[in-house]
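Asks:
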Amino acid sequence: MKSRPALFVVPGIIMLIAGFGFMLAAAVGGRLSSEAALPLPFGFTTAATGGMLLTRTPLAVFFLFIYAVAVLVIACREVSFLHPVPLLYLVLIAYCLPLLRHAKP
């Protein structure tokens with residue numbers, strides 16, 4: 298079995314844990330309004346993207362890029378562009394280029 302580079306494993310595991318954390322927080326939060334229930338689909342998408350990233354395929358890098366762009370747009374609409382959250386997703390978008398070079402064909 299081939300070992301995966303840390304480029305894929307570290308963000309994949311972090312996204313899996315964060316995604317499950319968001320889903321758990323939404324599940325134990327009781328009855329939620331539509332705004333308060335946002336962590337559930339956000340957590341599922343984060344966990345699914347992180348899990349897919351562990352496969353080390355170009356398709357996983359593509360979905361990570363699409364995920365980061367979508368969350369960047371949402372974050373820019375909700376908070377200012379200078380807030381740390383949009384900057385995190387800009388870094389994630391820039392991180393996709395080195396990932397694509399190391400992806401399995």
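Each number in this note's numbering corresponds to the 1-based position in the sequence shown with 297 added. No residue lacks a Cβ here, since even glycine has one placed at the ideal position from N, Cα and C.
What are the boundary residues of the alpha helix (DSSP H) that includes residue 399?
Replies: Translated into positions along the sequence shown, residue 399 becomes position 102. Segment 381–399, the alpha helix (DSSP H) holding residue 399.
Asks: Assuming residue 356 is part of the alpha helix (DSSP H), what are its boundary residues?
Replies: Here residue 356 is taken as the residue at index 59 of the sequence shown, counted from 1. Run containing residue 356: 355–375, per the alpha helix (DSSP H) assignment.
Asks: Using 8 Å as the Cβ pair cut-off and three pairs as the minimum, do the segment 380–388 and the segment 342–352 touch?
Replies: The answer is no - the segment 342–352 does not touch the segment 380–388, with fewer than three Cβ pairs under 8 Å.
Asks: With distance defined between alpha-carbon atoms, name the residue in 316, 352, 322 nearest to residue 306.
Replies: To locate residue 306, count along the sequence shown from 1; it is residue 9. Residue 352 is the option with its Cα nearest to residue 306.
Asks: Is the Cβ-Cβ distance between residue 358 and residue 372 less than 7 Å?
Replies: Taking the sequence shown and counting its residues from 1, the one referred to as residue 358 is at position 61. Taking the sequence shown and counting its residues from 1, the one referred to as residue 372 is at position 75. No, Cβ-Cβ distance for residue 358 and residue 372 is not below 7 Å.
Asks: Specify the secondary structure class of residue 298 as computed by DSSP and reduced to three states.
Replies: Locating residue 298 in the sequence shown gives position 1, where the first residue counts as 1. For residue 298, the predicted model reports a pLDDT of 45, less than 50, meaning its position is unreliable and no value from the coordinates is stated.
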